[in-house]
Every structure is written in structure tokens, then in C-alpha cells.
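Visitor: Residue numbers (the numbering used here), protein chains in the order written: chain U, 869 to 1245; chain C, -12 to 80. Cβ coordinates follow ideal geometry from the N, Cα and C atoms, glycine included.
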């Protein structure tokens, strides 16, 4: 496929790895921010191709992962109502709340539907005038234009039986929180290519300057990721700290202006709680008051839900780049994609789930087995 | 979640006052909203996320990045014979 296959060339990938090896003189810790990048890195084994000393740590950019448990419970409470058609992107369906997931609710006769686009909710609402259609509007800046268009269109077209349950988060405040932490290990970032396709990258420049950290806005294919890592290592080795754009075929500094305009006409910035991390000030979107008639939290009186997270789970430390899935004693044992204990295992884009999916939970066991075998021989 | 896939615009039409397109991804064709990239023409490539084109794929830039990586490839290959030459000279002397 055009613009995909070209960026998966194995021979060229090996050359980029060689180039990284040539210029690297000391160990560096680089964080890829976006969960899609984490998934691609683990799927293609990019972290294992890199020269020793270049460590990739996995960031908080998986919106399904960082959606707080109480928000998931709220969604489930609404989805259980007989007067509601609850719509969601597919990856939210298996995320367990305190009592089952959306699939369980569907199997118990709840009307839960997966949609391809948020705009599908308008069609569903028109076809079901006696029901209320609620869309679980989660995501980062990439998804905000689509979700904003749903709210804007519902209001403009007078479709009253549509509302959104908003749990929208933003990347730059999360990067700032990681960098400001005293335990921070991250020395450079691969910035989120698709978030920046919408927002541009100018808002990363003050972060790069303030914390003297290279930020390379990077795509998602294997060559994009390796190229982004090479650009980051070049900056680190030469002592530079700038925002660079690896993904120039898709984005520029300004981003998508029409999309930004609609997003800001529908949403305003406010505090958000991140699962595994806690509340980060000004880190998410909330609906503007003029769209209150389409705000599911205001329409459905869902009381504050008390939840308890697993005490074993270290996902907060993983999301901040301080730890890796293998550092968790529960990884691949008590905690797996069928029974996730926390944020980084609930979605395929979470670091723990990606490691599990591509067999990394077996590696430790393999190593141990080989040590035992060697010892026995 | 932030997965977005490049596809080729094969048809442009209007639906509920919104500019829409049929976009081809390999063998699959799906609809996408073009409101955020309103000047898109048939034959151009757009990056589609949850049914919305969020960006056009710039063919020149795609080529430039790829060529940059390929050139690095060639540079590395150019270096190889030089090193060999020195090695063989050393071997002879």
C-alpha cells in the first residue's frame, strides 16, 4: 500500500540501525509518547534492534489505558439503561470496569454498538428517535476533531437524542508532568505524529526549551520510528534540544487549522484525571457550557462512583517511563489482557498488553529456563 | 487509538451539507469526512482517523524523507569500498 510499504523496508531499517550505532557514544533513554508507536515498536521488535544503551521507554499516550476506572464505571452505568444505545470505538469494549465490561452488558441485553466514526451516532439517533444515543468520546487530540464534529453536527442539525461522555486528554501536559518529576529518566521524546497532524508542533517548543529535551515528532511505520530515534540520538549526542519533524509527509508546525477551530468551538481545556498517574492540571477537554444539552454526564445523573485499583499494578510507573512491564511481578501472571489489573494492560496499545501480545512475557521465562539448563549442563 | 491510515481519494460527494469522500485503502474502500481538508481532490492521498481525513499526505515530502534515508544507505555503501581499499593496501604493504 502506498505510504506504508515503502516505510517497512528491512534493508533500509538495518542501515538506520547501523547509523545509530555509529554516532552513539553513551547510553540514552528515549520515550515514545503515543500508544500506537509503542504497539508498532513492540510488534516490529524495533527496541530489540537498537544498539545496546539506547533504551526505549513507553509513554502515557494510550487514551483507553489512561481513562479513569470511575469513568469506565460511569459509561457502564449509562450503557445498562434500557432507554440508551451506547456507542463506542471497538477498543473500549473489553476494558473491565468494577463489574464487567461493555461486552458483558451487551450480552445482558444492553444495546452497545461499535462505531467506525462518531458521525455514525447521528444516523443511529435518527433511526431510533425513542432512544438516547450516548457516545463514549475518549481520545487524545487526534480524535478530538471527529468527536467535536459529532457534537457540533448534533446541535446544528437539531438531533437532540445524542450526547457524549467525554474523557479527552492532551499530550503536552503529560510530557510536562513526566519531565517535571524528580524521578524522570527520559532524555528525549518521539513526539506523537497523529496528535501533531491535528495540533501542529509549536506547543512542544516551549517544553523542549524549558526542559532542554529533544522532541522529534515521529510517524508510526518501522522506518519512521527508526528515523525518529536516529534524529533524537543525533540531537542528544550533539547537545542540541529542539523540536524536529520526522513526519513531514503528514504534518507541519501549524497543524490542521480547520480542525483546531472546530475543536475549540466545542471543547474547553480543564483538569483531567489519568488512570495510573492521577490528576494533571489543564490536561484534557470538557464540553463548553453551550453544548450542555449533549453532555451525557449532565443528562444522566450518574453518582460519583468509588473504585479501587489493584495494589500490585505498577502501571503508573510504566506510564511515566520509570519502569518496564517486566519489572512488575504480576505481569503475564495475575495480570494479562483477559484479566488486566491496570491501565497498561487494558488496551492493545498499552505497554504491558503490547509486550504480552508479542510474547515478551515468555522471554523472562525463556531466559530463566536457559540459565537453568546451562547450570544443569 | 490514534491509528490513522493513508488512503487514496477516489470519489468526492456531499452528505448532510458535509464534504465526504470514498477513500481506498489497499483493497478496502470506506467513507471519510473531508471537512478538515476541504481542498482535497480526487487522486490525492489523505490520512484517515475514525472516519475523518485529518491531513493530506504530501507526496513530495514522502519522497524527500525516503530519499534522505536511501541516501544515507548509499553513503554507507560508498564508505565500504574505501575502508576495504585501505585495508587491502595495508595488507599489501
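Counting only Cβ pairs nearer than 8 Å, list the residues of chain C close to residue 1017 of chain U.
Guide: Near residue 1017 of chain U (Cβ distances below 8 Å), the residues of chain C are 20, 22 and 39.
Visitor: Would you please verify whether the beta carbon of residue 1036 of chain U is less than 9 Å from any beta carbon of chain C?
Guide: Judged by the 9 Å Cβ criterion, residue 1036 of chain U is not in contact with chain C.
Visitor: What are the residues of the region 1112 to 1134 of chain U that lie near chain C, defined by any Cβ-Cβ distance shorter than 7 Å?
Guide: Result list: 1116, 1117, 1118, 1119, 1124, 1126 and 1127.
Visitor: Buried or exposed for residue 1207 of chain U, going by 16 or more other Cβ atoms inside 10 Å?
Guide: Looking at its Cβ environment, which holds fewer than 16 other Cβ atoms inside 10 Å, residue 1207 of chain U is exposed.
Visitor: With 9 Å as the threshold, decide whether the Cβ of residue 1243 of chain U is near any Cβ in chain C.
Guide: Residue placement at residue 1243 of chain U is flagged as unreliable, the pLDDT there being 40, under the threshold of 50; the coordinate-derived value follows with that caveat. So no, residue 1243 of chain U is outside the interface.
Visitor: By alpha-carbon positions, which one of U:963, U:1029 and U:931 ends up nearest to residue 1159 of chain U?
Guide: The option with the nearest alpha carbon to residue 1159 of chain U is U:1029.
Visitor: Give a yes or no on whether 9 Å exceeds the smallest Cβ distance from residue 1205 of chain U to chain C.
Guide: Not closer than 9 Å to any Cβ of chain C, the Cβ of residue 1205 of chain U fails to qualify, so no.
Visitor: Please say whether residue 1211 of chain U and residue 1144 of chain U have beta carbons closer to each other than 9 Å?
Guide: For residue 1144 of chain U and residue 1211 of chain U, yes; Cβs fall inside 9 Å.
Visitor: Could you tell me whether the region 51 to 61 of chain C touches the region 1131 to 1139 of chain U, where touching means 3 or more Cβ pairs closer than 8 Å?
Guide: With the cut-off at 8 Å, the region 51 to 61 of chain C and the region 1131 to 1139 of chain U do not touch.
Visitor: Here's a check: name, in chain order, each residue in its chain whose Cβ is nearer than 8 Å to the Cβ of residue 1166 of chain U, leaving out the five neighbours to either side.
Guide: Only 1160 meet the Cβ criterion.
Visitor: For residue 903 of chain U, go through chain C and note every residue whose CB falls closer than 9 Å to its CB, in chain order.
Guide: Those are -12 and -11, listed as they occur along chain C.
Visitor: Got a sec? Which residues, its chain only, sit under 6 Å from residue 32 of chain C by beta carbon, not counting five neighbours each side?
Guide: Contacts found: -7, -5 and 44.
Visitor: Check for me: the alpha helix (DSSP H) holding residue 882 of chain U runs from which residue to which?
Guide: 878 to 891 is the extent of the alpha helix (DSSP H) around residue 882 of chain U.
Visitor: Got a sec: which bits of the region 1004 to 1034 of chain U sit with their beta carbon under 9 Å from any beta carbon on chain C, in order along the chain?
Guide: Of all residues in the region 1004 to 1034 of chain U, 1006, 1007, 1008, 1009, 1010, 1011, 1013, 1014, 1015, 1017, 1021, 1024 and 1025 have a Cβ within less than 9 Å of some Cβ in chain C.
Visitor: Going by DSSP in three states, residue 919 of chain U sits in which element: helix, strand or coil?
Guide: Reduced to three states, the DSSP call for residue 919 of chain U is coil.
Visitor: Residue -12 of chain C and residue 1008 of chain U: beta carbons closer than 9 Å?
Guide: Their beta carbons are under 9 Å apart, which means residue -12 of chain C touches residue 1008 of chain U by this criterion.
Visitor: Spatial neighbours of residue 1045 of chain U within its chain, please: C-beta separation below 6 Å, excluding the five flanking residues on both sides.
Guide: Taken in chain order, the residues that qualify are 1148.
Visitor: What first and last residue would you give for the alpha helix (DSSP H) that runs through residue 986 of chain U?
Guide: Run containing residue 986 of chain U: none; DSSP gives neither H nor E here.
Visitor: Does the beta-carbon of residue 1197 of chain U have 16 or more other beta-carbons within 10 angstroms, so that it is buried, or is it exposed?
Guide: Answer is exposed; the Cβ neighbour count stays below 16.
Visitor: Check the DSSP bridge columns for residue 1085 of chain U and list the partner residues they point to.
Guide: U:1059 and U:1113.
Visitor: Is the shortest distance between the beta-carbon of residue 1065 of chain U and the beta-carbons of chain C less than 9 Å?
Guide: Yes, residue 1065 of chain U lies at the interface with chain C (some Cβ there is under 9 Å from its Cβ).
Visitor: Could you check if residue 871 of chain U is buried or exposed, using at least 16 other CB atoms within 10 Å of its CB as the buried criterion?
Guide: Classification of residue 871 of chain U: buried, given that the 10 Å Cβ count is 16 or more.
Visitor: Check residue 144 of chain C in the structure and name its three-state DSSP category.
Guide: Here chain C covers residues -12 to 80 and nothing more, so residue 144 of chain C does not appear.
Visitor: Chain C beta carbons: is any one of them nearer than 9 Å to that of residue 1106 of chain U?
Guide: Output row for residue 1106 of chain U: interface = no.
Visitor: Could you check where the beta strand (DSSP E) with residue -5 of chain C kicks off and where it finishes?
Guide: That run of the beta strand (DSSP E) goes -8 to 2.
Visitor: In angstroms, rounded to a whole number, what distance separates the CA positions of residue 1199 of chain U and residue 1229 of chain U?
Guide: Distance between the alpha carbons of residue 1199 of chain U and residue 1229 of chain U: 7 Å.
Visitor: Report yes or no: is there a C-beta of chain U within less than 9 Å of the C-beta of residue 44 of chain C?
Guide: Residue 44 of chain C counts as touching chain U.
Visitor: Given a threshold of 16 other Cβ atoms within 10 Å of its Cβ, counted over all protein chains shown, does residue 1014 of chain U qualify as buried or as exposed?
Guide: It is buried - the Cβ of residue 1014 of chain U has at least 16 other Cβ atoms within 10 Å.
Visitor: For a test of the three-state rule: what should DSSP assign to residue 926 of chain U, helix, strand or coil?
Guide: Strand at residue 926 of chain U.
Visitor: Between residue 942 of chain U and residue 1214 of chain U, how many whole angstroms is the CB-CB distance? I'm expecting something under 8 Å.
Guide: Not really, about 16 Å apart at Cβ, beyond 8 Å.
Visitor: Could one say the Cβ of residue 52 of chain C lies closer than 9 Å to chain U's Cβ atoms, at least one of them?
Guide: Output row for residue 52 of chain C: interface = yes.
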